[in-house]
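Worksheet: one structure, shown below.
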Amino acid sequence: SSFNNADLPLFDTSRLYDLRYHFVDDEGIPYKNTEYVAYLNDYKVVHGKTDSDGFTQIFYSDKPDQVKIHLIQHSENNEDRR
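If you want it as structure tokens, here you go:
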């Protein structure tokens, strides 16, 4: 059997960074299941929710500083985090 390069997946060099954010408070308690808004460099806006450990989804970018994220905190959710 011969090896064919066309069968290999292409690496997208324009997206060099996998960015994932971890939100915790001053005591190290994660902001679990907390809504956020992510502003991407290409003017896309992504709404999401942190997971049970306080992590966002993974964002792909060609520079590490191209995602700005704001947590949306509802007062009733603050006690649910603990």
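Residue numbering for the sequence shown follows the numbering used here, beginning at 24 and increasing consecutively. Don't be surprised by glycine CBs; every beta carbon is placed ideally from N, CA and C. Nothing here was measured: the structure is a model prediction, and the numbers come from that model.
- Within the stretch 48-89, no complete alpha helix (DSSP H) segment of 4 residues or longer occurs.
- Taking 8 Å as the upper bound for CB-CB distance, Y54 and V47 are in contact here, some 7 Å apart.
- Within the DSSP secondary-structure output, H93 pairs in a beta bridge with V60.
- Here G51 is exposed, its C-beta having fewer than 16 other C-beta atoms within 10 Å.
- The C-beta distance from Y62 to K86 rounds to 14 Å, too long to fall under 8 Å, and the pair is not in contact.
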